[in-house]
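If you're matching positions, the sequence shown starts at 1 in this note's numbering and goes up one per residue.
Quick reminder that beta carbons are idealized off the backbone N, C-alpha and C, glycines included.
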Amino acid sequence: MLMGLAPIFGMAQKKKKSESDSLRIPKPKFWYLPSAARLGVDLTNLGSSAFNKDYMGFGVSADTDILGRFLIAGSAGYSSEEFTNSTFGYPDRDDYNRETKVRDKVSGYYYRVGADWNFAFRNKDNAVLAVGFRRGQGKFDEELDYTVQQDIWGEHTINKKSTDISASWYELNVSLKVAVWRDLFLATVMRYRFGLDTSGGSDESLNPSYVPGYGRTRESSTSAVSVSLMYRIQWKKPFKPVKKEK
Numbered sequence: 001m002l003m004g005l006a007p008i009f010g011m012a013q014k015k016k017k018s019e020s021d022s023l024r025i026p027k028p029k030f031w032y033l034p035s036a037a038r039l040g041v042d043l044t045n046l047g048s049s050a051f052n053k054d055y056m057g058f059g060v061s062a063d064t065d066i067l068g069r070f071l072i073a074g075s076a077g078y079s080s081e082e083f084t085n086s087t088f089g090y091p092d093r094d095d096y097n098r099e100t101k102v103r104d105k106v107s108g109y110y111y112r113v114g115a116d117w118n119f120a121f122r123n124k125d126n127a128v129l130a131v132g133f134r135r136g137q138g139k140f141d142e143e144l145d146y147t148v149q150q151d152i153w154g155e156h157t158i159n160k161k162s163t164d165i166s167a168s169w170y171e172l173n174v175s176l177k178v179a180v181w182r183d184l185f186l187a188t189v190m191r192y193r194f195g196l197d198t199s200g201g202s203d204e205s206l207n208p209s210y211v212p213g214y215g216r217t218r219e220s221s222t223s224a225v226s227v228s229l230m231y232r233i234q235w236k237k238p239f240k241p242v243k244k245e246k
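Structure (structure tokens):
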């Protein structure tokens with residue numbers, strides 16, 4: 001009896017496997033090549049420029065899909081920001097009565113390039129939920145005015161300026177990009193930046209205090225959130241390895 005059931009069982013297994021194979025979408029030719037790209041503008045920089053009189057900046061970003069679930073992504077920008085600090089006094093030295101005022105202006109450009117792993121690549125609306133890695137580079141100038149007011153010696157100002165300072169760092173990113181209207185996407189990126197290295201500059205005695213695209217140099221790591229508006233341009237249908245409906 002068992003011998004008689006064996007051929008039937010084998011045919012059932014073969015049929016089941018054949019049906020399963022037929023449900024899968026075959027990979028088209030050149031499926032691994034990019035199918036679309038997003039181009040965007042940084043709303044965070046525009047907002048800061050509008051409401052902060054000491055800041056001016058703009059940023060752009062782009063991404064494109066590759067190998068299905070991967071994204072090649074990058075961003076670039078320019079910023080110019082002026083910093084001032086509060087007055088410092090020495091209450092135990094009334095005869096000295098020293099005040100210090102600092103004006104620090106930093107301006108330059110930066111860019112970041114890297115890749116993302118998209119967990120939502122099967123999404124029909126082409127949404128993105130991804131983690132990624134970036135390499136950041138920047139070039140900037142810094143000008144420092146350091147004014148000391150003393151009762152005995154009067155006011156004394158020190159001016160330092162360093163140009164063509166180079167900076168590099170790394171980033172870990174978490175990004176969410178959702179369609180808000182047709183091919184228009186709202187993109188939110190959370191950045192964790194670390195491994196900052198600065199070099200060069202025309203005045204090496206001036207240690208950079210701020211790096212465009214990174215933040216304060218006294219911090220071993222920094223974090224930030226940026227919001228962008230992006231437009232998606234598609235030139236071929238993306239490959240999404242999902243099963244056909246029965």
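Reduced DSSP secondary structure (H/G/I, E/B, other) of Gly108: Here residue 108 refers to the residue found at position 108 when the sequence shown is read from its first residue. The answer is strand: DSSP assigns Gly108 an E or B state.
For Asn52, count neighbouring Cβ atoms within 10 angstroms of its own Cβ and tell me buried if that reaches 16, exposed if not. Indexing the sequence shown from 1 puts residue 52 at position 52. With fewer than 16 other Cβ atoms within 10 Å, it is exposed.
Just to confirm the assignment: which complete alpha helix (DSSP H) runs, minimum length 4, are found wholly within the region 35 to 63? 43 to 51
From what residue to what residue does the beta strand (DSSP E) around Phe185 run? As a first step, residue 185 must be located in the sequence shown, where it is residue number 185. It spans Leu184 to Gly200 - the beta strand (DSSP E) in which Phe185 sits, taken as one unbroken run.
What is the DSSP secondary structure of Leu229, counted as helix, strand or coil? Within the sequence shown, residue 229 is the residue found at index 229, counting from 1. Leu229: strand per DSSP, three-state reduction.
I'd like to know whether the C-beta atoms of Thr198 and Thr222 end up nearer to each other than 8 Å. If you number the sequence shown from 1, residue 198 lands on position 198. If you number the sequence shown from 1, residue 222 lands on position 222. It is not a contact, given that the beta carbons lie outside the stated cut-off.
Closest to Gly108 by CA distance: which of Arg182, Arg191, Val189 and Gly57 is it? To locate residue 108, count along the sequence shown from 1; it is residue 108. Cα-wise, what sits closest to Gly108 is Gly57.
If I follow the unbroken beta strand (DSSP E) through Ser80, where does it start and stop? Looking up residue 80 in the sequence shown gives position 80. Here the beta strand (DSSP E) through Ser80 covers Phe70 to Thr84.
Could you tell me whether the region 113 to 128 touches the region 153 to 162, using the rule of 3 or more Cβ pairs below 8 Å? no
Assign Ala73 to one of two classes, buried (16 or more other C-beta atoms within 10 Å of its C-beta) or exposed (fewer than that). Here the question's residue 73 lines up with position 73 in the sequence shown. Buried, since its Cβ has 16 or more Cβ neighbours within 10 Å.
C-beta atoms of Gly59 and Leu229 nearer than 8 Å: The sequence position of residue 59 within the sequence shown is 59, counting from 1. The sequence position of residue 229 within the sequence shown is 229, counting from 1. Cβ atoms of Gly59 and Leu229: not closer than 8 Å.
So what does DSSP say about Gly213, is it helix, strand or coil? Within the sequence shown, residue 213 is the residue found at index 213, counting from 1. DSSP places Gly213 in coil when its eight states are reduced to three.
May I ask you to check if the CB of Val41 is nearer than 7 Å to at least one heavy atom of the ligand PLP? The ligand PLP is absent from the structure shown, which contains no ligands of any kind.
Which one of Ser79, Arg191, Gly47 and Asp63 has the shortest CA to CA distance from Tyr210? As a working mapping, residue 210 is identified with position 210 in the sequence shown. Among Ser79, Arg191, Gly47 and Asp63, the Cα nearest to that of Tyr210 is on Ser79.
Closer than 8 Å by C-beta to Tyr214: which residues in its own chain qualify, once you throw out the five before and the five after it? Chain order, please. The count along the sequence shown starts at 1 and reaches residue 214 at position 214. Closer than 8 Å at the Cβ level, and outside the excluded window around Tyr214, lie Tyr110, Gly136, Gly138, Ala167, Trp169, Arg193, Leu196 and Thr222.
Span separating the alpha-carbon of Asn85 from that of Glu142: Position 85 of the sequence shown, counted from the first residue, corresponds to residue 85. Position 142 of the sequence shown, counted from the first residue, corresponds to residue 142. Taking the straight line joining both Cα atoms gives about 16 Å.
Classification of Val225 by the beta-carbon crowding that lies within 10 angstroms, buried from 16 upward: Here residue 225 is taken as the residue at index 225 of the sequence shown, counted from 1. Flag for Val225 reads exposed.
Would you tell me roughly how many angstroms separate the C-alpha atoms of Lys237 and Ser35, rounded to the nearest one? Within the sequence shown, residue 237 is the residue found at index 237, counting from 1. Within the sequence shown, residue 35 is the residue found at index 35, counting from 1. Rounded to whole angstroms, Lys237 to Ser35 spans 6 Å at the Cα level.
Pairwise C-alpha distance: Tyr55 and Val174: For this step, residue 174 is matched to residue 174 along the sequence shown. For this step, residue 55 is matched to residue 55 along the sequence shown. In a straight line, the C-alpha of Val174 is about 26 Å away from that of Tyr55.
Among Val148, Phe70, Asp145 and Ser162, which residue has its Cα nearest to the Cα of Asn118? Counting from one through the sequence shown, the residue named residue 118 turns up at place 118. Among Val148, Phe70, Asp145 and Ser162, the Cα nearest to that of Asn118 belongs to Phe70.
Beta-bridge partners of Leu172, as assigned by DSSP: Against the sequence shown, residue 172 aligns to sequence position 172. DSSP, once it has assigned bridges, lists Phe133 and Tyr192 as partnering Leu172.
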